[in-house]
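Under the numbering used here, the first residue of the sequence shown carries the number -19, and numbering increases by one thereafter. Heads up: the structure comes next, in C-alpha cells.
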Amino acid sequence: VFSLWDTYRAAHPLYTIIEQKRTNEFINTFLAKYDEGDIMPIWDLSANYTGCMIGYHGVSVIADAYLKGLQGYDTEKALLAMKHSANQDHLGLKTYKALGFIPVEEESESVSKTLEYAYDDWTIAQMAKAMGKEDDYKTFIQRAQNYKNIFDPKTGFMRGRFKNTWFAPFDPYEVNFNYTEANAWQYSFYVPQDISGFAELLGGNTQLEAQLDKLFTAKAETSGRNQADITGLIGQYAHGNEPSHHMAYLYNFVGKPNKTQEKVHQILTQLYKNDPDGISGNEDCGQMSAWYVFGTLGFYPVTPGSNQYIIGTPLMDKATINLENGNQFTIQANNLSNENKYIASAELNGKPLNHTYINHDDIINGGSLVFNMSNQPSAWGTHDNDLPKTSIDEHKIVPVPFIAKGDIAFKNSTEIILGNANKEAAIYYALNDSDFKLYTEPITLTEAALLKIYSERNGEKSVVMETQFHKINPNLSIKLDTEYANQYNAGGNDALIDGLYGTKDFRTGVWQGYFDKDLIATVDLGKDTWVESIGINFLQDQRAWIFLPKKVIFSVSTDGKTFKSIAHFDSETVELSDLTEIKSYDYHLKGQTIRYVKITAKNLGALPEWHLGYGDDGKCWIFADEITIK
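Following this line, the structure appears as C-alpha cells:
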C-alpha cells in the first residue's frame, strides 16, 4: 500500500534517514507504476489504483529524496512522471491549472485539493531548479502560490469559493465537502512551502502566532458532517488526522519555540499511550508512528523538500540513529523530565546551536545534537536569525480577485464589492462587452449582467474571472417549513428559486440537502399568475445516502391558506442503483391562475436493508434543486 496522503508528511522523510536503500526502491516502484499504468501512485492498495484521497504526493517523496542526494533511479524520468501527475485534467486539476484554484462548483474538497496541489507543485519546482530546468521551475513555483487564491482576508481562513464568490455561510468549525476529512481550522495552516507568504497574508508573524493560539484554544467541537477521522483534539488541532501534523511546529517560524515545545510535549504525552489503542487515530500506514518517532527525537520535517527538520522538544534522554553509511547521529537531552520540556540551549557537534532547526546533512554526516532542558521558557531560538523560513520570493503571482459582497441571483438590485488577498493589487472590471476599468467603488446592478474581473500589480496580471449575474422575478419568494443542513445550503433560503442548477456531483454547493427530513417549500408568485407547468429536480446518489423522495406532492392555492393537491409522484419501491442521476418531477396544468405553489417531498427515512449504512441506523438525505414555475 502507498498511503501517500498520509505518509509523505513524516513516514517517507523518516525513511530518507533510516531506510535510504528502501526509499530508492519505493521511487523505482513509483516509476514502474507510471510505466505500467500511466500515472504514479496516489493512494494504492494491493498494487491497485483506488481513486482514494487527494494530491499527487508521490512527487513530494521523490523531490524530498532527490534533494537529499538519494538518486538511485532515472531522475529525468522521475521529473517527467512528476510533471505528468501535475498536468492531468482530473480531480479538479483542469480548473486548478486554468484559474489558479479549484472552484466549489467544479470539484469536491476544493480547498484541500488546491492547498495540497500547491505544495506538491512547490516540490516539483525545487527538483526542477536543482536539475537546471528553469522553465519548469518558473511554472511550478507560480503554481505553488495558488493557495493565495482561496485565502479570505476578512476571516483569515482558507475558504471554499465559487469562481468569484465565497461559499457561505462560513463556519470554520464546520466539516463539509470543501475540505478533506477536516474543516477550515484544520486546513488553513497548510502552506508549508511558503509560511512567510502565509504570515504576510494574515498581517505578519504576530498575527500568525495569534491565529495559532486560537487554533489550540478553540472549542474542541466540530459542526456539520460527522467525520470519524477527526480525533485527538486540542482545540481544533486534530492529531488523529494528518492535515494537523505540522501545526505545532509553526511557532518556531514566528520566534516562539517555547510554544512549539509546550504543544509538542502535550501531544507526545497525552495523545500517545502504551495501550492497544495508544494512537489517537488510525495508524495510517506508519504516519502516526513516524510523527511520534520524530517527536521523541526532538525535530520534525514540516516541509519535505526543504531538507530542514524543525526542532520541537525531545522525549528521550538519549537516542542514536545508526545510518546506512556507517555514521551515527546521537541526540541527548540533559536534565530532561516531564516538567523540563523547554530547551534552554543546544549544541550541534559540540558547538552552540541557536537555530530552531537542523539540516538533513547534519544527521547523515553523523555527530551529536545535545539539548539542555529547563522547566521555564527561555530566549533560545527567538532571534530573527534563529528562525526557520520557507518563502517564495520570485516569480510571484497576483492573486485572483473575488466578490466580497453581492448576490449572484438578485431581485431588484445588488451591490457588488470586490476584494483581493493582496491589498496592493489593483482590480479591474468590465460589464458585458464594455472595456475594463479600474475598480474604485462598489458596483450596483439592476439587470442581469456578465461581470469580468482581474487583478494587476507591477505589470503582472491574474487570470480574468467571469460571473453571470441573474435577475430573479422580484415578486417571487419562498418559504421553507423544514430546515436544510447548513453544509448543503446551496446559498441559502432562495437557493431553490435562484435560477442555478446542480450537476451530478452533490458536493459542488448547488444542491440543497435535507437529512432525515421532508422538504416542504411554498413559493409565492407575488400575485395571481397564469401557470402552465410546475417542476423540481432531485438528485440520487445512493452511495452517499442520497435517495429520491418516496413521494412528491404538488399543491396550489390562491390565498396561501387553502391548498389543492394537483399532482402526486410515488416511489415506494426503492431498488439498488450504482448510478448517480438527476430526476425531474414535472406537471403540466394546461393553464391555471394561482399564486402559491407548495411542494412536499417525503424523505425515505431509514436506509433500505440492503444498503451498507443500514446496520449503523443510517438515514436518508434528500437533495433538491431548482423549482421551476412557468
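Every residue gets a Cβ at the ideal spot worked out from N, C-alpha and C, and that includes glycine. Just so it is clear, the structure is predicted and the values come from calculations on it, not from any experiment.
- Exclusion of the five residues before and after G471 leaves D478 as the residues of its chain whose Cβ lies within less than 7 Å of its Cβ.
- The beta-carbon separation of Y289 and I338, rounded to 5 Å, stays under the 8 Å limit for a contact.
- For H335 against D366, the beta-carbon gap comes to about 5 Å, under 8 Å, which counts as contact.
- Selection Q106, I407, Q187 evaluated against P284 yields Q106 as nearest (Cα-Cα).
- One thing to note: Y408 has its Cβ within 7 Å of the Cβ of L418.
- When DSSP states are grouped into helix, strand and coil, T420 belongs to the coil group.
- Secondary structure at S393: coil, using DSSP grouped into helix, strand and coil.
- Taking a cut-off of 8 Å on C-beta distances, the region 119 to 128 does not touch the region 424 to 439, as fewer than three cross pairs fall below it.
- The beta carbon of F137 sits closer than 7 Å to the beta carbons of P152, A164, S168 from its chain, once the five residues preceding and following it are set aside; these are given in chain order.
- Here E180 is not bridged, per DSSP, to any residue.
- When DSSP assignments are scanned along the region 333 to 414, the uninterrupted stretches of beta strand (DSSP E) that are 3 or more residues long and fall wholly within it turn out to be 337 to 339, 347 to 354, 382 to 385, 394 to 399, 406 to 411.
- Segment contact: the region 205 to 219 against the region 261 to 279, three or more CB-CB distances shorter than 8 Å; contact assigned.
- Inclusion of F603 and W525 in the CB contact set at 7 Å is not warranted, their separation being larger than that value.
- In the three-state DSSP reduction, V234 falls in the helix class (H, G or I).
- Bounds of the beta strand (DSSP E) holding G493 are 492 to 495.
- Inter-residue distance for W601 and P368 is about 48 Å (C-alpha atoms, whole angstroms).
- From the listed residues K610, Y231, Y159, the smallest Cα separation to I130 is found for Y159.
- If you look at L79, you'll find it isn't in any beta strand (DSSP E); it sits in the alpha helix (DSSP H) that goes 73 to 79.
- For T310, same chain residues with a beta-carbon under 8 Å away, outside a window of 5 residues either side, are K298, A299, T300, I301, G347, S348, L349 in chain order.
- Here the alpha carbons of A228 and D44 stand approximately 21 Å from one another.
- Partner residues in the beta bridge of H548, as assigned by DSSP, are I533.
- The alpha-carbon of F142 is positioned some 29 Å away from that of D116.
- For T560, the three-state secondary structure derived from DSSP is coil.
- Shown here, G292 sits in coil according to DSSP, grouped into three states, outside any helix or strand.
- G31 counts as exposed, since fewer than 16 other beta carbons sit within 10 angstroms of its beta carbon.
- Rounded to whole angstroms, Y99 and A359 show a C-alpha spacing of 32 Å.
- Distance from the CA atom of N185 to the CA atom of A179, rounded to whole angstroms, is 6 Å.
- Between the region 491 to 508 and the region 547 to 560, the count of C-beta pairs closer than 8 Å stays below three; the two stretches do not touch.
- For Y322, the uninterrupted beta strand (DSSP E) run begins and ends at 322 to 328, by DSSP.
- Bridge pairing for E436: A406, K441 [DSSP].
- Nearest to Q467 by C-alpha distance, out of T3, E89, H37, is E89.
- By the neighbour-count definition (other C-beta atoms within 10 Å, threshold 16), I210 is a buried residue.
- Using a Cβ distance threshold of 7 Å, E512 and L569 count as a contacting pair.
- According to DSSP, residue pairing for Y252 in a beta bridge involves I259.
- Annotated as distal: T94 and L50, with beta-carbon spacing of 7 Å or more.
- Within 10 angstroms of the beta-carbon of A208 lie fewer than 16 other beta-carbons, which makes it exposed.
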